[in-house]
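Student: Protein sequences appear in the order of chains A and B.
Taking my numbering, I'd label the letters of the first sequence as residues 686 to 1173.
Taking my numbering, I'd label the letters of the second sequence as residues 2 to 324.
Even glycine gets a Cβ: it sits at the ideal position worked out from N, Cα and C.
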Amino acid sequence: MLFNSLSFALFFILLTGLHFSLPHRFRWILILAASYYFYMCWNVGYILLIATSTLITWYAGLKIEGALSNKRKKHFLIASLVANLGALLFFKYFNFFTTSLFQISAKFNLFTGYEAPLLHIMLPVGISFYTFQTVSYTIDIYQGKIEPEKHLGIFALYVAFWPRIVAGPIERAGKLIPQFRKVISFDYSNTTDALRLVLWGMIKKVVIADQLAVYVNQVFDNCGDYTGFPLIIASIFFTIQIYCDFSGYSDMAIGTAKVMGYELTENFRHPYFAASLREFWQRWHISLSTWFRDYVYIPLGGKRVVKWRFYYNLFITFLVSGLWHGANWTFVIWGGLHGLYLIIENIVEEFFSNIFKTTWNSIENTTFYKAIRVAITLFLVNYAWIFFRANTVSDAFSITGKMFIFDFKNSSSLIENIVVVEPSSFILSLALILFLIVVEFKEQTIKIENYVGNLPFVARWSIYTLGLWAVIISTVFGVKQEFIYFQF
Amino acid sequence: MDSQSKKIILKIIIFSILNLVIMLSLLLFFSGSNRDIKFKNWETESNLLVTGENEHYDVAILGTSRGRVFSRDSNHLTMESVLGRKVVNLSKGGGGGLMPAKIHLAHFYRRGNRANHVIYFIDPWIFFCPINNENNTFFLKDEPFEIYILFDLILNGFPSQRITSYLQMIAVDDWKSISKYAAPNLDKLTLKAIDPVKLEEAREHYLGLYEPDKFEHYSKFINDINGLAKKHNSKITYIMLPILMRDFPGAKEVDAKLKKIINKERANDINNNETNSKIGKQESFQYYNLIDEMQDRHFFYDHMHFNNKGVEYFTKTYLKPIL
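Encoded structure:
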């Protein structure tokens, strides 16, 4: 069941109505049943996986708290981590590891004549997201940051809460669980803000991202046929597509939860306006980047170590983050690139601040300097996205190798060379990008949902109607694309 | 319910009504906007561009591509000449099943058309295969947008992909070029030999597509089609056409089911109007299983589709006496 479907609209209306009609003490049962139903719309069988993970984590949490010795606490923590991460490794990475192992072995003439054993099973939707929640829960209890949840139903809800089960945001128990215990009453302005956020998320996903996907898919799926401009344009379009796709999904998740009175973590904060890679990761997929910060980077030692170890920690964290995204070397390289970027950024910043010393602060605060840094950051991020989107590593290297080769001799005209899809589709894509840039600039000062909410009635309703129709028309006449992050 | 809840519910209702009105107005505006395009049955595979409005036909044919061959090339005129009757063919190539047939027949009647006799060339696989029914991607590919067909799709449980793809007919005009595609002229050919290997492959192919648990569900559409014919005073005859394959998968089940349904309908008919049988009026519901007839490759261009000769022979030998 997708957020942008009629069946979801019915599900959501019915659920919200029931939620506010029921006495508080019964609400968790309703939301849990709805969450399991929501998940089962993708795959009925895999609900057992979530249920098992929930039981193991809940039990381990109680046992960690109750254990008398640190050693015993550790045993329960490890057991829980092995169970949860083991399931993730098995379902998501088994084929990747075996094929990679056999490919490497073949280079040394080992296992020749054998085929890598492969699992022919579907990846459970959202496994990467809910596993990270269960992992953070047990670690937080072990570290004494939170108390274990005694109520199994409430804990199950934390793992399976429907707005975020498929693709996040990745929530922390300390933030989400108390909200299930709080008595929530209907709030008019909260609901209208939330509905505007849902509509804006839909526009970003269905209208903008899916439209850009037409050009992106054409070029990336046939990258051997193109050089120069189409490759550059496709990489830029993908940079915007993935932002609109994922932040659009996050807005819908946050908005739908907010209608019911629950607050989820903000996942995006205009990442393409970031003036450094460090800042980019404070604005992009915030719930994931903070998770990696707290549960990988800091436990490795973070910055409070010798310099080479600090760089190593950064690199490893991003390498693992890349692998989290998908069982493919393209994602590993994407993560590795970001790790490298951050290491180089640290070295360069340190170098320049040492040279300019006293004047560095004044240089840093100039608009020109900031603009240059935003442009450089955007370029680097855009370059790394090529590896993220490419179907294979060789495709990615082929694209990066050919994107600055301009062959004007063989093309009948420059326009034809650039516009590789229907001209109307290309123009629409450009118009939508322009529209997004205007909105993103405006959002620097006021959030879109608040801005629209403050408009006069006629203007407000006209925008709602136009937005809704843009979504309907794009849904019916556009090319439907899966949410990119659903595959993770 | 507090005043805040009432306020938002009221606003959502007003907003929904407003947008539903806009939607209906747009759909009505686009619906039937291509009715001025007219074709003859042998010039197109489209049905909506042929049937027109307030027309009276002697015979309306329903079926799959095996029914469609009766109108391809010169076959339609041959058939009309042999029968001496005006015929409209509502069969759909690409495996039009029971669900598509119901939609087309309903629309035929809705536009004020009449037919004395509906002939449904029934195939076993349409009782088992979603790909011929709700998952059929072809049956509206060459048809212009009509709002009532949209409603029929929704009411008959077609999946959202089919509904969406039909809505796309508003903006895309692929159907115009597709609808000009008429007969592929295959029916001028003759099958060179009855090849057991190919027959086995075909059997395997169909068995692979079959979903036996759907049989009862699809069978209910026969009742709907009977109901439509009855309501519009058309006689209806089901004919299982010849196939060059013995023991076609599912044929026995379909045969038994059709006999049961037709017998039930006849019983109702007699109960409702006993004089029908007394005055010797032809039954309103008939069924003929001719699957094992005409086992001669010279009547076919492949193992299941008649060629020109097959159409002419079948029309003379079987169809004319039935009518």
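Helix, strand or coil for A:Gly751 per DSSP?
Tutor: The residue given as residue 751 of chain A occupies position 66 in the first sequence. Three-state DSSP puts A:Gly751 in a helix.
Student: Residue ranges of each beta strand (DSSP E) run of no fewer than 3 residues wholly in the stretch 854 to 916 of chain A, ordered along the chain?
Tutor: DSSP runs (the beta strand (DSSP E)) wholly in the stretch 854 to 916 of chain A: none.
Student: Counting only the same chain and skipping the five closest in sequence on each side, list residues whose C-beta sits under 6 Å from that of B:Lys236.
Tutor: Position 235 of the second sequence, counted from the first residue, corresponds to residue 236 of chain B. If we look at B:Lys236 and ignore the five residues flanking it on each side, its Cβ neighbours are His118 and Ser285.
Student: When burial is assigned at 16 or more other CB atoms within 10 Å of the CB, is A:Pro863 buried or exposed?
Tutor: Position 178 of the first sequence, counted from the first residue, corresponds to residue 863 of chain A. It counts as exposed.
Student: At a Cβ threshold of 8 Å, is B:Asn35 touching chain A?
Tutor: Position 34 of the second sequence, counting from 1, holds the residue named residue 35 of chain B. Chain A, which has no Cβ nearer than 8 Å to the Cβ of B:Asn35, makes this no.
Student: Closest to A:Ile1029 by C-alpha separation, out of A:Gly987, A:Arg757 and A:Tyr996, would be which residue?
Tutor: Stepping through the first sequence from its first residue, residue 1029 of chain A is reached at position 344. Closest option to A:Ile1029, Cα to Cα, is A:Tyr996.
Student: Quick check: B:Ile155 and B:Ile164, are their CB atoms within less than 8 Å of each other?
Tutor: Translated into the one-based positions of the second sequence, residue 155 of chain B becomes position 154. Translated into the one-based positions of the second sequence, residue 164 of chain B becomes position 163. Cβ distance < 8 Å, so B:Ile155 and B:Ile164 count as in contact.
Student: Which residue comes first and which comes last in the alpha helix (DSSP H) that contains A:Phe977?
Tutor: The count along the first sequence starts at 1 and reaches residue 977 of chain A at position 292. That run of the alpha helix (DSSP H) goes Ile971 to Phe977.
Student: Should A:Ile839 and A:Trp966 be called a contact, given that it needs their Cβ atoms to be closer than 8 Å?
Tutor: As a working mapping, residue 839 of chain A is identified with position 154 in the first sequence. As a working mapping, residue 966 of chain A is identified with position 281 in the first sequence. For A:Ile839 and A:Trp966, no; Cβs fall outside 8 Å.
Student: List the residues that DSSP assigns as beta-bridge partners of B:Gln287.
Tutor: Position 286 of the second sequence, counting from 1, holds the residue named residue 287 of chain B. B:Gln287 pairs with B:Thr238.
Student: Between the Cα of B:Phe122 and the Cα atoms of B:Phe152, B:Asn90 and B:Phe140, which residue gives the shortest distance?
Tutor: Counting from 1 along the second sequence, the entry for residue 122 of chain B is found at position 121. Among B:Phe152, B:Asn90 and B:Phe140, the Cα nearest to that of B:Phe122 belongs to B:Asn90.
Student: Tell me the DSSP bridge mates of B:Gly64?
Tutor: Within the second sequence, numbered from 1, the residue matching residue 64 of chain B stands at position 63. Answer is B:Phe122.
Student: Comparing alpha-carbon positions, which option in A:Leu699, A:Ala898, A:Phe688 and A:Tyr724 lies nearest A:Phe1111?
Tutor: Counting from one through the first sequence, the residue named residue 1111 of chain A turns up at place 426. The residue with the shortest Cα to Cα distance from A:Phe1111 is A:Ala898.
Student: Taking 8 Å as the cut-off, decide whether the C-beta atoms of A:Phe631 and A:Asn1013 are in contact.
Tutor: Residue 631 of chain A is absent from the model: chain A starts at 686 and stops at 1173.
Student: By a C-beta neighbour count over all protein chains shown, 10 Å radius and 16 as the cutoff for buried, is A:Tyr843 buried or exposed?
Tutor: Taking the first residue of the first sequence as 1, we reach residue 843 of chain A at position 158. A:Tyr843 comes out buried.
Student: What's the C-alpha gap between A:Ala959 and A:Ala1056?
Tutor: Your numbering for residue 959 of chain A matches position 274 in the first sequence. Your numbering for residue 1056 of chain A matches position 371 in the first sequence. Roughly 10 Å between the two C-alpha positions.
Student: Determine the DSSP secondary structure at A:Asn728, reduced to helix, strand or coil.
Tutor: Position 43 of the first sequence, counting from 1, holds the residue named residue 728 of chain A. Three-state result, A:Asn728: coil.
Student: Closer than 8 Å, CB to CB, is B:Asn20 near chain A or not?
Tutor: For the purposes of this step, residue 20 of chain B is taken as residue 19 along the second sequence, with counting starting at 1. Chain A contact via Cβ: present.
Student: Please list the residues of the stretch 1146 to 1157 of chain A that have a C-beta atom closer than 9 Å to any C-beta atom in chain B, keeping them in chain order.
Tutor: Within the stretch 1146 to 1157 of chain A, the qualifying residues are Trp1146, Tyr1149, Thr1150, Leu1153, Trp1154 and Ile1157.
Student: Would you mind telling me which residues of chain A sit closer than 7 Å to B:Thr79, beta carbon to beta carbon, in chain order?
Tutor: Position 78 of the second sequence, counted from the first residue, corresponds to residue 79 of chain B. Simply none; closest approach about 42 Å.
Student: So B:Lys258 and B:Ser220 are in contact, right, with Cβ under 8 Å, and what is the actual spacing, rounded?
Tutor: Position 257 of the second sequence, counted from the start, is the residue given in the question as residue 258 of chain B. Position 219 of the second sequence, counted from the start, is the residue given in the question as residue 220 of chain B. Correct: roughly 5 Å between the Cβ atoms.
Student: Anyone know if the C-beta pair for A:Tyr827 and A:Ile749 falls short of 8 Å?
Tutor: Here residue 827 of chain A corresponds to residue number 142 of the first sequence, with the count starting at 1. Here residue 749 of chain A corresponds to residue number 64 of the first sequence, with the count starting at 1. Contact flag set, yes.
Student: Per DSSP, which one or two residues make a beta bridge with B:Asn90?
Tutor: Against the second sequence, residue 90 of chain B aligns to sequence position 89. B:Ile62, per the DSSP bridge assignment.
Student: Look at the alpha carbon of A:Ser920 and the alpha carbon of A:Tyr1068, and state the distance between them as a whole number of angstroms.
Tutor: In the first sequence, the residue the question calls residue 920 of chain A occupies position 235. In the first sequence, the residue the question calls residue 1068 of chain A occupies position 383. Straight-line Cα distance between these residues: approximately 7 Å.
Student: Specify, as a first and last residue, the run of the alpha helix (DSSP H) that A:Ser1006 falls within.
Tutor: Here residue 1006 of chain A corresponds to residue number 321 of the first sequence, with the count starting at 1. Segment Lys992 to His1010, the alpha helix (DSSP H) holding A:Ser1006.
Student: With 8 Å as the threshold, decide whether the Cβ of B:Ile9 is near any Cβ in chain A.
Tutor: Here residue 9 of chain B is taken as the residue at index 8 of the second sequence, counted from 1. True, the Cβ-Cβ gap to chain A drops below 8 Å.
Student: Pull the bridge partners of B:Phe301 from the DSSP assignment, please.
Tutor: The sequence position of residue 301 of chain B within the second sequence is 300, counting from 1. DSSP lists B:Phe307 as partners of B:Phe301.
Student: Give the interface partners of B:Lys152 over in chain A, defined as CB-CB distance under 8 Å, in chain order.
Tutor: The count along the second sequence starts at 1 and reaches residue 152 of chain B at position 151. The amino acid at residue 152 of chain B is misidentified as Lys; the sequence shows Phe. In chain order: nothing, as chain A lies at least about 15 Å away.
Student: Give me, in chain order, the residues of the same chain whose beta-carbon lies closer than 6 Å to that of A:Phe977; leave out the 5 immediate sequence neighbours on both sides.
Tutor: Numbered from 1 along the first sequence, position 292 holds the residue referred to as residue 977 of chain A. Contacts found: Thr1002 and Ser1006.
Student: Buried or exposed for B:Met24, please, with buried defined as at least 16 other CB atoms from any protein chain shown within 10 angstroms of its CB.
Tutor: Along the second sequence, read from residue 1 onward, the residue named residue 24 of chain B stands at position 23. Classification of B:Met24: exposed, given that the 10 Å Cβ count is below 16.
Student: List, from N- to C-terminal side, the alpha helix (DSSP H) runs of 4 residues or more that fit wholly inside the stretch 921 to 970 of chain A.
Tutor: With a minimum length of 4 residues, the continuous alpha helix (DSSP H) runs that stay inside the stretch 921 to 970 of chain A are 962 to 968.
Student: For B:Arg115, which three-state DSSP category applies?
Tutor: The residue labelled residue 115 of chain B in the question sits at position 114 within the second sequence. Of the three classes helix, strand and coil, the one that applies to B:Arg115 here is strand, per DSSP.
Student: Going by other Cβ atoms of all chains shown within 10 Å of its Cβ, with 16 needed for buried, is A:Ile1122 buried or exposed?
Tutor: Looking up residue 1122 of chain A in the first sequence gives position 437. Exposed, because fewer than 16 other Cβ atoms sit within 10 Å of the Cβ of A:Ile1122.
Student: Given a cut-off of 8 Å on the beta-carbon distance, is the pair B:Asn308 and B:Leu200 in contact?
Tutor: Counted from its first residue, the second sequence places residue 308 of chain B at position 307. Counted from its first residue, the second sequence places residue 200 of chain B at position 199. Cβ atoms of B:Asn308 and B:Leu200: not closer than 8 Å.
Student: Please report whether the beta-carbon of B:Ser278 lies at a distance below 8 Å from any beta-carbon of chain A.
Tutor: Here residue 278 of chain B refers to the residue found at position 277 of the second sequence. Confidence at B:Ser278 is low in this model, with a pLDDT of 48, below 50, so the placement of that residue should be treated as unreliable; the coordinate-derived value is given next. Closer than 8 Å: no.
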